[in-house]
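Everything on this sheet refers to the single structure shown next.
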Amino acid sequence: MKRSLRTILVTATAAAGIIVGSPIAAAQPAPTPSPENAPPGPESEGQYCVILVDKPSDPTAVSNEVFSACSDTGIEDAEAQLRAEESTGALAQRGASIQASIPIMRWSENLNNSSPYTVIYGQSGPCDTAGYNLNPNTYWAPRITSMQGYNYCDVADMRQLNGGLFQSRLLPLNYVGDPWNDNIGFIRVHS
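First residue of the sequence shown? That's 830 in this note's numbering, and the numbers climb one at a time after it.
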C-alpha cells in the first residue's frame, strides 16, 4: 500500500502524543514570533522568575505582560517581589491584582521541569478554550526544554522561533521534543 507523506506525518505525530487537527488550533493561527513582539520580561536576572500576564481583548493577540521578576535565590523570592509590587499599588495602577492571578504554566530550562524555571501567572483566571497567548522573551525562547500547565492549562500549541513548525501537545511535557527544544517563539496554552 502506497502512503503519502501526510499520512506518514500524521501517523508519526499521533504516536508521539501530538494532537493533530485540533479545531481550536486551526481556527486561531498563532502570531508569528519575532523580537519586535516579544515581551521584555526578565532577561538574565535570575534562575527563578515569575511573569504575570493578562488576556488581550483580541483572542489572536499576544497576552499582555503586566509584571515580571527574577531571583537567584528561589521562586519564593521572585513571588515576594510580585507581592511587594502589589503592596505599593503599582499592580493596581496597571489594572492587575495578585488575588485574581493564578499559576497557569511553568517553563523549565532542563528536562523534567527542573530548575531553573519560570512560572507564568494568569491575571484572567484559569485556562479555558481561548487560553493565553505567550511569546517567550528573548531569554526563554532559546531555552525552554520542558513545560507544565496548571489550572486547566492542559494543552500547549507551540510554534518555533522562526515561525516554522507548529505542534499541539498535552501538558506536562518532560521534554518538548526536537526540533522545539530551545526553539519556541510562541505558546498558546489552553484547556
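Quick reminder that beta carbons are idealized off the backbone N, C-alpha and C, glycines included.
Whose CA, out of N1012, D1007, P1001 and P1008, lies closest to the CA of S1020?
For S1020, the nearest C-alpha among the options comes from P1001.
Give a single yes or no on whether A970 has its beta carbon closer than 7 angstroms to a heavy atom of the ligand MG.
As presented, the structure is devoid of all ligands, the ligand MG included, so that no description of it is given.
For D957, tell me which candidate among R988, S897, Y979 and G924 has the shortest Cα-Cα distance.
Distances from the CA of D957 to each of R988, S897, Y979 and G924 were compared; the closest alpha carbon is that of Y979.
Residue of N893, C878, R988 and G951 minimising C-alpha distance to A929
In this structure, G951 is the residue among N893, C878, R988 and G951 with its C-alpha nearest to the C-alpha of A929.
The beta strand (DSSP E) spanning L1032 covers which residue range?
The structure shown does not extend to residue 1032, since the chain is modelled only from 830 through 1020, so no value can be given for it.
Bounding residues of the alpha helix (DSSP H) (the contiguous stretch that carries L920):
Start and end: A919 to Q922.
Do the segment 986-999 and the segment 900-919 meet, that is, are 3 or more Cβ pairs less than 8 angstroms apart?
Result no; under three Cβ-Cβ pairs closer than 8 angstroms.
Please classify L999: is it buried, with 16 or more other beta-carbons within 10 angstroms of its beta-carbon, or exposed?
By the beta-carbon neighbour count (other beta carbons within 10 angstroms, threshold 16), L999 is exposed.
Could you give the DSSP three-state label for N893: helix, strand or coil?
Residue state, collapsed to three classes: strand.
Sort out for me which residues DSSP pairs L963 with in a bridge.
The bridge partners DSSP lists for L963 are I1016.
Based on the DSSP output, what are the partners of W936 in its beta bridges?
According to DSSP, W936 bridges with T947 and M976.
At which residues does the beta strand (DSSP E) containing A985 begin and terminate?
For A985, the uninterrupted beta strand (DSSP E) run begins and ends at V984 to Q989, by DSSP.
For C899 and Y1004, what's the separation of their Cα atoms in angstroms?
Roughly 23 angstroms separates the two Cα atoms.
Exposed unless 16 or more other CB atoms sit within 10 angstroms - verdict on D1007:
Exposed: under 16 other Cβ atoms inside 10 Å.
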